[in-house]
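Those protein sequences? They're chains A and B, same order as listed. Using our numbering, you'd call the opening residue of the first sequence number 1 and step up by one each time. Using our numbering, you'd call the opening residue of the second sequence number 1 and step up by one each time. Even glycine gets a Cβ: it sits at the ideal position worked out from N, Cα and C. Please read these numbers as outputs of a predicted model, since none were measured by experiment.
There are 2 protein chains.
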Amino acid sequence: MLIRPAEAADWESIWPFFREIVTIGETYCYPDQITSESARSSWMTEAPGITVVAELEGRIVGSARIGPNRDGRGAHVATAAFMVDPRSQGEGVGRALAEFTLDWARTTGYRAMQFNAVVATNIGAVSLWKSLGFEILATVPEAFDHAADGLVGLHIMYRSLLDRPILRSESSMRRVPRG
Amino acid sequence: MLIRPAEAADWESIWPFFREIVTIGETYCYPDQITSESARSSWMTEAPGITVVAELEGRIVGSARIGPNRDGRGAHVATAAFMVDPRSQGEGVGRALAEFTLDWARTTGYRAMQFNAVVATNIGAVSLWKSLGFEILATVPEAFDHAADGLVGLHIMYRSLLDRPILRSESSMRRVPRG
């Protein structure tokens with residue numbers, strides 16, 4: 001799988017699964033009727049942030065947006081968002097994007113990464129983040145109107161990037177140590 | 001003290017203390033070098049949100065911005081931000097704006113109010129919110145680069161608007177019960 005910076009022309013490959021994920025209504029707070037133009041402007045971020053895509057056999061199967069969680073005096077904490085084509089779920093796309101994102105944020109000099117709104121019923125995402133060293137700082141009660149489950153919590157998840165613990169997935173993937 | 005919706009022309013009264021507060025660097029994550037135009041566009045919000053000003057003896061001494069904390073499936077939780085002219089601190093401006101904000105959000109149909117980034121050393125604000133029924137859900141460690149104190153935490157604070165407990169300040173202010 002290749003993770004690379006997104007180019008403007010990639011949007012036409014991202015938008016179909018972005019729209020599908022938002023329409024399903026189980027993971028994101030984008031407006032249900034969001035237009036391609038509004039979604040593009042939100043997702044295809046610019047410096048100091050970055051948007052990347054995951055390519056598998058020449059097909060774009062996911063995307064991530066990374067950047068500062070706040071401006072100014074809060075800009076040393078990163079945040080990120082992820083979209084994986086539902087047709088490619090279970091193929092490690094989310095994990096590959098997540099690991100890239102953590103490496104990018106650490107290398108870029110961010111001190112930590114924070115997710116502001118992880119839907120509590122999105123157990124795949126929650127367990128992925130936990131396996132990558134994130135903890136749930138808090139759960140905002142009933143903050144997400146889930147299309148199937150009604151009002152459910154939104155987790156705020158956090159991971160320091162200052163330490164460099166071995167990620168669980170790294171040992172299981174038997175990577176070559178990077179130093 | 002009069003709390004009323006802000007008009008476009010009010011920005012020239014808000015900007016001097018907005019800029020001063022951001023420059024002091026102890027409470028907000030706006031960029032230090034933010035321009036008036038960028039600050040105006042962020043602060044003077046439109047429907048479904050609202051920006052209000054506090055007037056005392058004909059002078060604008062504070063402002064608040066209220067609206068949905070998230071879009072779409074998260075839009076039933078409100079958030080708000082507050083600026084009080086440093087020359088008018090200790091005169092109850094923040095409390096008056098806070099009480100208006102809670103009333104507005106409840107009346108407008110929001111289920112809760114959430115603050116995403118209350119600087120932990122801003123004890124005046126933290127104690128005001130606590131006195132108005134907010135709790136600290138979590139503190140993101142070292143998430144704010146305080147101009148004087150260095151890295152300090154950012155509180156995520158929360159209050160349900162579904163119950164209608166008597167606010168501590170209401171009893172002390174001996175208001176006429178509203179129902």
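Task: Residue of A:T51, A:S160 and A:P68 minimising C-alpha distance to G62 of chain A - done: In this structure, A:T51 is the residue among A:T51, A:S160 and A:P68 with its C-alpha nearest to the C-alpha of G62 of chain A.
Task: Rounded separation between R40 of chain B and H76 of chain B - CA only - done: 25 Å
Task: D163 of chain B, buried or exposed, once every other Cβ within 10 Å from all chains shown has been counted against 16 - done: exposed
- [ ] Verify whether the separation of the beta carbon atoms of I156 of chain B and P86 of chain B is less than 9 Å.
- [x] no
Open item on the list: For L128 of chain B and D145 of chain A, what's the separation of their Cα atoms in angstroms?
Closed with: The alpha-carbon atoms of L128 of chain B and D145 of chain A are separated by roughly 29 Å.
Open item on the list: Quick check: the Cα distance between L132 of chain A and E37 of chain B, rounded to an integer number of angstroms?
Closed with: 40 Å
Open item on the list: Rounded to whole angstroms, what is the Cα-Cα separation between E12 of chain A and W43 of chain A?
Closed with: 12 Å
TODO: Check whether the Cβ of Q183 of chain A lies closer than 9 Å to any Cβ atom in chain B.
DONE: Outside the shown range of chain A, which is 1 to 179, sits residue 183 of chain A, and nothing can be said about it.
Task: Secondary structure of R87 of chain A, DSSP reduced to three states - done: helix
Task: Identity of the residue in A:D149, A:R4 and A:A81 nearest R59 of chain A by Cα - done: Out of A:D149, A:R4 and A:A81, the CA that lies nearest to the CA of R59 of chain A is found in A:R4.
TODO: Leaving aside the five residues before and after S88 of chain B along the sequence, list all residues of the same chain whose C-beta is less than 6 Å from its C-beta, in chain order.
DONE: V61
Task: Delimiting residues of the alpha helix (DSSP H) encompassing T35 of chain B - done: Counting along the chain, T35 of chain B falls outside any alpha helix (DSSP H), and DSSP gives it neither H nor E.
- [ ] Let me know the beta strand (DSSP E) ranges lying completely inside the stretch 109 to 143 of chain A, each 3 residues or longer, listed in chain order.
- [x] 112 to 119
Task: chain A contacts from the stretch 55 to 77 of chain B (Cβ-Cβ distance under 7 Å) - done: R70, D71, G72, R73, G74, H76 and V77
Task: Residue closest to L2 of chain B, alpha-carbon to alpha-carbon, out of B:L56, B:A80 and B:A147 - done: B:L56
Task: N- and C-terminal bounds of the beta strand (DSSP E) containing E12 of chain A - done: For E12 of chain A, no beta strand (DSSP E) run applies; the uninterrupted alpha helix (DSSP H) run containing it begins and ends at W11 to I24, by DSSP.
Open item on the list: For H155 of chain B, report the span of its beta strand (DSSP E) as first-last.
Closed with: Residues G150 to S160.
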